[in-house]
Every structure is written in structure tokens, then in C-alpha cells.
Amino acid sequence: MSLRILIIDDEMEILTLFKDFMEVFGHKVEIAIDGQSGLEKFKNTNFDLDIMDYRMHGRDGIQASKDILNIDKNTKILFASADSSVKKEALNMGAVGFLLKPFDLGDIINSVKKHV
Amino acid sequence: MQVTGGETGAVLTEDSQGETIISGFAPVPGTDWGVITYERWENIFGSIRGYSNLLLGLLVLGSIISSALIFFVISRILRPIHDLTMGAQRIAGGDFDPMIVPQSGDEMQTLAQQFNTMADTLKEHTASLKKEIAERKRLEDQREKARKEAEFYADVLAHDVGNINQITMGYLYLLQTAKDEKTRKKNVDGIKKSIMNSKRLAESIKILKIIKDTKIEKFDLNKSIERSIEEIKAYSNKEIEVNLDMDKKYYVKANDFLDRVFFNILENSAEFIFKEKVIIDIKTEEKDGFCNVHIHDNGIGISKEKKKDILENLETLSKRTGMGFYLTKKILERFNGKFEIEDVKKGTEIVVSIPVINGGSVRNVHAQRSHKRNERRG
Numbered sequence: 032m033s034l035r036i037l038i039i040d041d042e043m044e045i046l047t048l049f050k051d052f053m054e055v056f057g058h059k060v061e062i063a064i065d066g067q068s069g070l071e072k073f074k075n076t077n078f079d080l081d082i083m084d085y086r087m088h089g090r091d092g093i094q095a096s097k098d099i100l101n102i103d104k105n106t107k108i109l110f111a112s113a114d115s116s117v118k119k120e121a122l123n124m125g126a127v128g129f130l131l132k133p134f135d136l137g138d139i140i141n142s143v144k145k146h147v
Numbered sequence: 156m157q158v159t160g161g162e163t164g165a166v167l168t169e170d171s172q173g174e175t176i177i178s179g180f181a182p183v184p185g186t187d188w189g190v191i192t193y194e195r196w197e198n199i200f201g202s203i204r205g206y207s208n209l210l211l212g213l214l215v216l217g218s219i220i221s222s223a224l225i226f227f228v229i230s231r232i233l234r235p236i237h238d239l240t241m242g243a244q245r246i247a248g249g250d251f252d253p254m255i256v257p258q259s260g261d262e263m264q265t266l267a268q269q270f271n272t273m274a275d276t277l278k279e280h281t282a283s284l285k286k287e288i289a290e291r292k293r294l295e296d297q298r299e300k301a302r303k304e305a306e307f308y309a310d311v312l313a314h315d316v317g318n319i320n321q322i323t324m325g326y327l328y329l330l331q332t333a334k335d336e337k338t339r340k341k342n343v344d345g346i347k348k349s350i351m352n353s354k355r356l357a358e359s360i361k362i363l364k365i366i367k368d369t370k371i372e373k374f375d376l377n378k379s380i381e382r383s384i385e386e387i388k389a390y391s392n393k394e395i396e397v398n399l400d401m402d403k404k405y406y407v408k409a410n411d412f413l414d415r416v417f418f419n420i421l422e423n424s425a426e427f428i429f430k431e432k433v434i435i436d437i438k439t440e441e442k443d444g445f446c447n448v449h450i451h452d453n454g455i456g457i458s459k460e461k462k463k464d465i466l467e468n469l470e471t472l473s474k475r476t477g478m479g480f481y482l483t484k485k486i487l488e489r490f491n492g493k494f495e496i497e498d499v500k501k502g503t504e505i506v507v508s509i510p511v512i513n514g515g516s517v518r519n520v521h522a523q524r525s526h527k528r529n530e531r532r533g
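This is how it looks when you write it as C-alpha cells:
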């Protein structure tokens, strides 16, 4: 099943790595370098899943997720962060899952299958 | 009438001119006559009243002199006590200068000397206390600074190391699943780059720790820029074209870490350009004793919000986004330089300013080169 996925992360290499990898599985992937540009992309396109980093310039992952959920409360957000201390907050806020960096790329596909 | 009536006596009356007189009268025995005498009252009591006034004056004068004498004597007695009281008040107010000791040879002199001894002791104690407080404050400030520094490094490392590890893990997974040699090589290169990034991160932390104490000397800015260009081309997996326009040779007060400044900026340009080809224009100019190096790229640009954070709130920003700009700023501060982000319509323009060494530049040397390489990492 092909999904429309938005990846928001402040590390360009992670964005391109995830994008290239997920596109192999047939997903349509867009990337955003921070919360603000991610939010703008989200307003213009309907995504099946958002993969969200936490530590970013401006809006952090939690704030950006709240903004996205305010627009569409049914949006599925998968957190991907190296900061385990935000896991609880992310899940309470409405994230469908939390991937602790560094994780195997296979985990991201398994999470997508599990949650979407 | 009284005289003729045989009476004897005296009366106080007035004469025909209105003057007060005292008149005495008595009958002359055996006749109908009487004798009346008088004298002016003023003649009798005038001198007495004069003496009275003189005595009264002397009495008043005596009283005044006595009072002044008493006041003077009492003042002399009370002065040391007053001085001691004032001295005690000064000490209470924190002024420990010695008071003047009366050379009276009595208890007052001893007491004043004791006060001075006490003031000296208090002065020493207070000075020692102040020194101790200042030392504690310095240590507290140092601890707070170290705590913030540790927090900063922890946050930055959590961010940067997390990303490096994630990238490495990603390439490892792709390497494991690679089906052809080209893909395998690409992923091995990615892992190598991650390892280099890790090394660079460790170097960045080391530079941050030592940069304040590094020696600065006459340094060739042009060569520093050229080395950084070569390094970024070798490092990045994108095609990088650099148009270099250096108006003359510049010598600045810096050291080898200047290369890191230019590399960081170039790396930032290369990273945030989504296009396959990165075009960077570098231009130098001298202004107000500074060499301004303009570095312009064809990237996505920096939002006003991020620009504000980079310039005004860099430490907090670095905790979220890594230490690239923070390190750049700290190195430039060591060289009394700075960087600014120019407002440009397209891309990003960063201007690095470093003081030029007087007479260190050779004018009219115009270098315009175009570096076009299409290097892949590895």
C-alpha cells in the first residue's frame, strides 16, 4: 500500500536517507527541515503519516505535532527522536508511536505497517 | 494743717512743680508755729537705685560668665564621650577608620583606644568576610557557568550524536540489504562520512574548550578560504561550484581554526541546498579595518525567525540544532571578528568580518577563480 508520508527533521541527511529508503517501498514522501515548513506542507497536502523529530529550530516536534493535530485530529504522527524523555509527552499528546534514535531503518517500516 | 494741729510726721507728696518730695513736719512748742522741711525724693533714693541697677547688672553678668564656664567645663568633660558615641556610630555604619584618641590619660583615653582596637579587629573580620563572600560568589558563578556549559554540551551532544548514530544505522541497514556494488559503495561512503562527522564533533568540543587560550598570529586569510573550499568539496557528496573573487591578499590575526569557520559556513550551505548542484560565491572586501568575506549560496535561505535566533539566541538554538554556528561564533570572537547574515532575495549570504593586520595585505592582487568539481565522498 502506497502512503503519503511527511518527514520533519532538522538533519538533511536523515531526511534524504529516510526518504530514499521509504520510497523504495512505494511510499510518496515529502520532507521538511523544521516544524514551520512541515506545517506549511501539511496545510497543502493530506498525509497518511507524519514522522516527526523532536529537537528542531523554532517549533519543536511536540509543538509542531499539536499544530498539525489542531488542523486534523485524525493525523497519525510517529515520533522519531534521540531524546527518550519526550516519549511520554509525545504519546500523551496523540502520537501513534515513538522510535528512539538510533533505530534500524527496518523499524520505521514495521512502525508504518503497525500504525497506518 | 497737721502742723498747726500739733501733729508731727512726714508725708510723701508733690511740690508745686509736680516733683515727688518727702516732707517732715513738727510743731514748735509754746507757739502756734510749726516747722516743715522737705527734700526731693529723687535726691534721697536716686543714688540708691543706681547702685541697685549696678548690682543687678553685675549679678546678670556673673550669672552669664558662670553659665559659660560651667558649659565649657561640662563640654570638655562630655566631648570624649560624644566622640566615642560618634565613633561607635561610625563603626556601626561600617566605617572602621580609627578615631582620634584623647590624650587625657584617663579612662576615656583607654576606652577610645579599646574602641580603635575593636574597630581594627572588625575591619579585618569584615575584609576577610567580604573576601570570603566574593570567593564564594566567584565559585558559585563558576559552578553555574560549568553547569550551564555541561547542560549545553549534553543537549548539543544528544542532538548531534543522536543524528550521527541514526545516519550510521541507516547506512548500515542499507548496506546489509544492498544488492549491487554501486549501492554498497554509496552506503559505505555514508558510513565513512558519519564517522568523520563524529570525529569532527569531538574536535568541535575540543576547539570550544581551548579556543579562548589559543595563540593568534599573522594568518593568511586567502589560503584559509582556499583550504576550506577544497575540504568541503572532498567532504560533501554534492556537486559544488565555488566562484571565488578575492580582491587582494589579506593577512588577519587568527590561527588554524579560521579554516573551521569557513568550512562550517560552506558545510551549512552544502547541507541546506536541496538541488544537486551547490553554487557558492565568495567575495572579499576591506572596510573600516576589517576584511569582509561575503559567502553567498543558492540554497533555501534562512528564515527571519532562524536568523534572529542565530544572531540573538544562538546558545539555545544550538541545543536544538547542533553546534555549527555556535562554534563559528566562538572562534570568530577569539579573533575579534564576527559573522552576520545578510538579507538577500535568494539563497543565504553570510558575511565574516575579521580585523586586517595593517600593511599585511598586498593590494591590486586580483584573484577570480572558479572551482568546479564534482567530487563524491570517499
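Protein chains in written order, with our numbering: chain A, 32 to 147; chain B, 156 to 533. C-beta atoms are modelled at their ideal positions from N, C-alpha and C, and glycine is treated no differently.
### Which listed residue (L327/B, G161/B and G179/B) has its alpha carbon closest to that of W188/B
G161/B
### Query
Is DSSP giving E162/B helix, strand or coil here?
coil
### Message
Less than 8 Å between the C-beta atoms of Q244/B and V256/B, yes or no?
### Response
no
### Message
At the level of alpha carbons, what is the spacing between S353/B and L136/A?
### Response
20 Å
### Message
Given this structure, state the Cα-to-Cα distance separating F226/B from L214/B, to the nearest angstrom.
### Response
18 Å
### Task
Name the two residues that bound the continuous beta strand (DSSP E) containing H449/B.
F445 to D452
### Query
Helix, strand or coil for Q172/B per DSSP?
coil
#### Entry: Residue closest to T240/B, alpha-carbon to alpha-carbon, out of F270/B, G217/B and E372/B
F270/B
### Message
So, does the region 450 to 457 of chain B touch the region 487 to 507 of chain B, judging by three or more C-beta pairs under 8 Å?
### Response
yes
### Query
What did DSSP end up calling E42/A once you bin it into helix, strand or coil?
coil
### Message
Classify A305/B: buried if its beta carbon has 16 or more other beta carbons within 10 angstroms, exposed otherwise.
### Response
exposed
### Query
Taking the DSSP output, what are the residues bridged to R107/B?
Not covered by the structure: residue 107/B. The range shown for chain B is 156 to 533.
### Message
Can you tell me which residues form a DSSP beta bridge with P182/B?
### Response
G189/B
### Residues near F110/A in its chain [Cβ-Cβ closer than 6 Å; skip 5 each side]
M83, A121, A126 and F129
#### Entry: Validate contact between the region 398 to 407 of chain B and the region 433 to 440 of chain B using beta carbons, cut 8 Å, 3 pairs
yes
### Task
Tell me, please, which residues DSSP counts as bridged to P510/B.
F445/B
### Task
Would you mind working out which of G249/B, E287/B and R302/B sits nearest K278/B, comparing C-alpha positions?
G249/B
### Range covered by the beta strand (DSSP E) that runs through L130/A
G128 to L131
### Task
Determine which residues of the region 318 to 347 of chain B have a Cβ less than 9 Å from any Cβ of chain A, and write them out in chain order.
N318, I319, N320, Q321, I322, T323, M324, G325, Y326, L327, Y328, L329, T332 and G345
### Task
Would you kindly work out how many angstroms separate the C-alpha atoms of A425/B and A409/B, rounded to a whole number?
25 Å
### Query
Should I457/B and L421/B be called a contact, given that it needs their Cβ atoms to be closer than 8 Å?
no
### Query
So, helix, strand or coil for A113/A, using DSSP?
coil
### Query
What whole-angstrom Cβ distance do K59/A and R35/A have, given they're in contact under 8 Å?
5 Å
### Query
Counting pairs of Cβ atoms below 8 Å between the region 487 to 498 of chain B and the region 455 to 470 of chain B, do you hit three or more?
yes
### Query
Using the beta-carbon of each residue, which ones in chain B are nearer than 9 Å to F129/A?
Near F129/A there are no residues of chain B at all, since even the closest Cβ is about 14 Å away, more than 9 Å.
### Residues from the region 416 to 439 of chain B in contact with chain A, defined by Cβ distance under 8 Å
E426 and F427
### Query
Counting Cβ pairs, one atom from each stretch, are 3 or more of them under 8 Å apart for the region 34 to 48 of chain A and the region 60 to 67 of chain A?
yes
### Task
Between the Cα of E488/B and those of K373/B, I512/B, D411/B and K367/B, spot the shortest distance and give me the residue it belongs to.
K367/B
#### Entry: Range of the contiguous alpha helix (DSSP H) that encloses V143/A
L136 to H146
### Query
When the Cβ atoms of the region 291 to 298 of chain B are set against those of the region 79 to 93 of chain A, are three or more pairs found closer than 8 Å?
no
#### Entry: Residue environment, M152/A, which counts as buried when at least 16 other CB atoms sit within 10 Å
Lying before the first or after the last residue shown, residue 152/A is absent from chain A, which here runs from 32 to 147.
### Task
Measure the C-alpha to C-alpha separation of G317/B and F490/B and round it to an integer number of angstroms.
31 Å
### Per-residue contacts from A48/A into chain B (C-beta, under 7 Å)
It is worth fixing the name first, because residue 48/A is Leu in this sequence and not Ala. The answer, in chain order, is I322 and G325.
### Task
Measure the CB-CB distance between R415/B and L312/B and report whether it falls below 8 Å.
no
### Message
Only counting the same chain, and skipping five residues up and downstream in sequence, which positions put a Cβ closer than 7 Å to that of I140/A?
### Response
F56
### Query
Cα-Cα, which of D411/B, Q258/B and L356/B is closest to S383/B?
D411/B
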